[in-house]
Structure formats: structure tokens, C-alpha cells
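Numbering-wise (full-length UniProt numbering), the sequence shown opens with residue 1 and increments by one. Worksheet: the structure to be examined is printed underneath.
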Amino acid sequence: MSFRLLPSSTMHVLEGVSSTAGLLAWGFISILTLRVLYRWWSGTNGSGLPYPPGPKGYPVINNFFDMPMHKEWEVYRDLSKKYGDIMFFRVFNTPIMILSSQKVVLDLFEKRSAIYSARPHSVMMHDLLSMDNFFSLLTYGPWWRRHRRAFHQNFYPNAIPKYRYIITKYTSRLLVSLYNGGDMDESARNAIAGIGIRILYGVDVKSVTDPFISDAIEVSEAFAEAATPGRFMVDNLPILKYVPSWVPGAGFQRWAQYYKQVCLRVLDEPFNFVQLKHEKAEAVPCVATTFIDKFPEGDTQERHEEYIIARNVVSQSHLAAVDTTHSVACAFYLGVLTNPSIQASAQAELDRVVGHGVVPDVSQAADLPYVSAIAKESLRWHQVLPLGFPHLVSEDHVYNGYFIPKGTIAFGNAWGMMHDPQVFDEPMSFNPEHYLRKDDTGAWELDPNAVEPNPTFGFGRRICPGRYLAFEMLFSVVAASLAMFNILPPEDEHGNPEKLPEARFATRSAMMRPEPFRCIFKPRSAQTEATLENLKASLPFA
């Protein structure tokens, strides 16, 4: 076989073309690189407008190394002093925005809620754990709006009074459990979860070992882990979700498989239990039966959709009652334990308005401003979700001269807003006076100009629709506990009170909880002890 060589003149021409093409290619790459570097350095984009201020970062990875991994809400609060109330980060190609004031939150999450109400997709939560059925994680749109309507029908403010007899019953059980020396954390969880489960499912639970409670606790723990930024690599490399669970290093798959089953149990089993009871005419009237009574007849698509909506709404409320409200109640106990003078002031108000030795009723909240302020302060002081749920920006837009791109993940720093020293004097301290003022007679009244702890419940169209019920539950626990007990540090072997604990909060995940602490509940007098004995005799268990 022979090869015919090209004439040397032709070869020189081709070499020239090749050289020219190479130079052009390198020139194009250089221009493109310089353009990218210029945009990175100048902080601009195709719109010609700057992004909101934030750390400069590095090419390609951008702010990867600037993102805090511990107590992020505190770091962002401190960074806002340098960059302002709206900060912009970019981790690789994902834009992230932190909002640090209620004004900016109002402007964006409220006034521009049409483009700030979506949720970012989490591979771990949505795909591997099947948490996408829980209302708080649903994709924004018509399906979400149907869920929201269903929530509102059962938990709008005027609907709450019909649940008060249940709140009173389980609050009495809490008092008796504490009187009997029960563990504070477990007693509070039993009572608060009991209120929610009775309202939602008509079921009377008796302990934290009941699957209605224990499964919900596990789901909350899984959510706290999955919602922690950087906890699972699969959220940054979605292709990892296809890795089999038996592969070394795929422990996240085995973890997700276990908790997915727990999530599905919480979604399905309690509601289906009520459905079976309803078919036998044995169900206790509750939120679930309210939905079931309105289901269309027949095996239709409409009936299936109404079932899914009802199940999702009730299960979301179930989780909030078991974990979130309980966590705030524990923060209340910690706050008054470490501030005896606050207890004394609240007890003086209760004795004057309700009467000594009398368990207050939720309907008396308007006449108990100091006690109401303690409940509000508990919500402000302790943010269960310090950064709240993330919002996803669904359109490019401009705010205050800054370009905010579609796909930006936006967080409202609820903790930072509720611990802003320009808004709250000594914000780290537990002080109900943050919500009080003196009237013309020198008596306490709720301050209508105080900044309400609404960020605790979320923002914009995504704000928790169960917040009115949650506050009534919390108020009942606060008022009844203070009316009946002095909440004191435990005593040593010689009967001397131990040193008051420091107020500490666990921050190892996206959710924050009070660190374990000990206290004792001592009846305030022989009269309150008699009231507690009467409650004990009237209840089947505590």
C-alpha cells in the first residue's frame, strides 16, 4: 500500500490555516474567560445591574468557602452589619440570598409573593424521603393553593374556639403529670402532642411511645437533618441518588430508606385509621372526619385528590404539634426558670385576674397581658427554625437597583430579625417587656407597636396557617403552669437549690432546641395543691 503525500505548498497552506484556527480558538476562550472574570469581579450580570452585596468569593466555586456551617443565623446577622439587610452569595452556580430585616422580607416575600412562594427542590427531602407531600414542602401552584384553602377552613382564627375544651383537658393532664414528678420534656410533649392528635384525628394518646407521637418525632428528626445545608452530598450531586444502598459510602441511602418508611407511615396510617373508624361509625369528630364527610361519592379522581389533600394537611399539622410547639414550650420553661422575677410578676397578674388556686382559661388571654407577653417572648427568644424554610425566586427581577436572578434561594433570617438590638433591647435576654408598655394607670398592657414574633411561623404566602392554634396551645401551657407552680432549679442532697442553668440551645441541625435542663415544679401553696389534687382525681390518667 502506498500513500500519496500532499505537495509541500499545500502543506504550508494547511499549517497556516491550522495555526490561524488555533489562535482564533485561544482568542475566543481568552475573551470568554475574561468576560466571566469581569462579571465575577465587578458583580454584574447580563442586565448590567449589580447583584446585592456580599462576599466576593472565588472564580468557579464563588462563595463555597464563605458559607457558615454552624449557627449560620448568627453569622448572617453579623455579616449583615457589613453588607446590609440583603446579602447575596453564589455557591458554584447556585445563587443564595439572605434577608435580614422585616422591611426587606415584607417587600419581597409579601409584596412580591407571586415570585417568592416557590420552594427549592431537595433531592434528599423530595426524592429520597418522599417529604414532598408535606404541605410546607409542596411546590407552589394550584395544587398548593388547594391545600392552603383546606388548612384555612379548619384553622382560621374564628375556628379555634371550638378546640378550646380539648386544649383545657390536655393542659390539665400536663399539670397533673408535673405534679406527680413527671419529666418536664416528656410531660410537655405528651400534652401538646395530645392536643394536636385529638383535634386532628379524634384519638386520645397516652404517652410518647404511642406511634402517633413516636413516628412524628422521628420524621421531625429526619427533617432537621435533611434540611441542614451540606449535610448530604446528594443534594449537591443529584446523580448520587442512583447509587445502590449496598455500595460503600452510600449510608445516606440506607438512612433515607428507613426514614422514608416512617414518613409514609405518618402520612398514611393515622388518617387511614380514622377512615376505617368513620366507615364503622366509630370515629370521634375531628378535623379528619370533617374532611371525610365532604369527600365526593364514588371512586373518582376528584375523591382521590380530596383524600390526598386532607391527608397531607392533617399530617403536616400533626408534625407541628408534636415537635415545633413542644420545643417552644420547653423554651418557656427555661426562660422563666432562669428569671424568677418574671414568674413572680406573671403570678401576681394571674392571682389578681383569675384568682389564686384557679387554672386560667385560654379565653382569658386578653385580660392577662403579662402572661400573653411571656408566650410571645417564648416565640421570639427561641426560633425553632432560625432561618425558616427557603423560598425560591421564580423570575428575574430588580429590587432597589439590584438584579436578583431566577432560581435564587432566599432565606429570611428569622433569628436575626428577632434578635436585632435595634428592635429589641438586650435581645438575647428572656424578657416579656419586649411586648409590653405601661398604660395611663401604670399597669402593663400589650404594646401594639411591638414587633410581633411572626417570623417564627414563616413569611408571605408560606406563613404557617396553624399559627393561631399554636399560640393558644402555648398560652394555655404558660398560664396554667405559672398559676399552679413555682418553677425552680432542682435541689441537691442537702435540700439546697442548685445553681440556675445557663440558657443554651442545641444547634446541630437546621432546627434549634433548648439543651436538656432540669427543674422542679413546686405547688405554689396549699390552695394550688388542692386544685391539683382535684384535677388528679378527675382525670383517668396523666
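All C-beta atoms in this analysis are idealised placements derived from N, C-alpha and C, irrespective of residue type, glycine included. Model, not experiment: these values are computed from the prediction.
Contact under 8 Å by Cβ, residue i with residue j
i	j	result
residue 252	residue 232	yes
residue 94	residue 409	yes
residue 559	residue 479	Here the chain covers residues 1 to 542 and nothing more, so residue 559 does not appear.
residue 497	residue 151	no
residue 124	residue 256	yes
residue 520	residue 488	yes
residue 323	residue 216	yes
residue 436	residue 175	no
residue 105	residue 459	yes
residue 208	residue 180	no
Top-ranked residue by Cα proximity to residue i, from the options
i	options	result
residue 195	173, 181 and 182	173
residue 127	192, 264, 166 and 350	264
residue 358	58, 105, 529 and 125	529
residue 290	361, 343 and 154	154
residue 118	316, 94, 144 and 133	144
residue 368	382, 349, 53 and 355	349
residue 346	375, 53, 225 and 324	375
residue 461	48, 104, 112 and 77	112
residue 491	501, 484, 81 and 475	501
residue 197	295, 331, 337 and 287	287
residue 365	201, 298 and 161	161
residue 340	441, 485 and 443	485
residue 166	446, 132 and 201	201
residue 309	298, 75 and 292	292
residue 96	404, 451, 430 and 507	404
One or two residues paired with residue i in a DSSP bridge
i	result
residue 485	523
residue 89	96
residue 411	98
residue 62	58 and 91
residue 118	392
residue 513	506
residue 445	437
residue 377	Paired residues: none, contrary to the question.
residue 398	403
Cβ separation of residue i and residue j, assumed to be a contact under 8 Å, to the nearest whole Å
i	j	result
residue 454	residue 99	Wrong, their Cβ atoms sit about 14 Å apart, outside the cutoff.
residue 513	residue 327	5 Å
residue 163	residue 469	7 Å
residue 116	residue 393	6 Å
residue 91	residue 69	Incorrect: roughly 12 Å between the Cβ atoms, too far for contact.
residue 511	residue 321	Not confirmed; about 15 Å, so no contact.
residue 53	residue 83	4 Å
residue 51	residue 88	5 Å
residue 446	residue 373	6 Å
residue 313	residue 147	6 Å
residue 477	residue 188	7 Å
Three-state secondary structure (DSSP) of residue i
i	result
residue 438	strand
residue 505	strand
residue 151	helix
residue 539	coil
residue 308	helix
residue 385	coil
residue 282	coil
residue 533	helix
residue 242	helix
residue 452	coil
residue 497	strand
residue 491	strand
residue 236	coil
residue 296	coil
residue 422	coil
residue 137	helix
residue 23	The predicted position of residue 23 is uncertain, since its pLDDT is 47 and thus under 50; a value taken from the coordinates is nonetheless stated next. Residue 23 falls in the helix class under three-state DSSP.
residue 528	helix
residue 330	helix
Proximity test, residue i beta-carbon vs the ligand FAD heavy atom, cut-off 7 Å
i	result
residue 363	In terms of ligand content, the structure shown is empty, and the ligand FAD therefore cannot be addressed.
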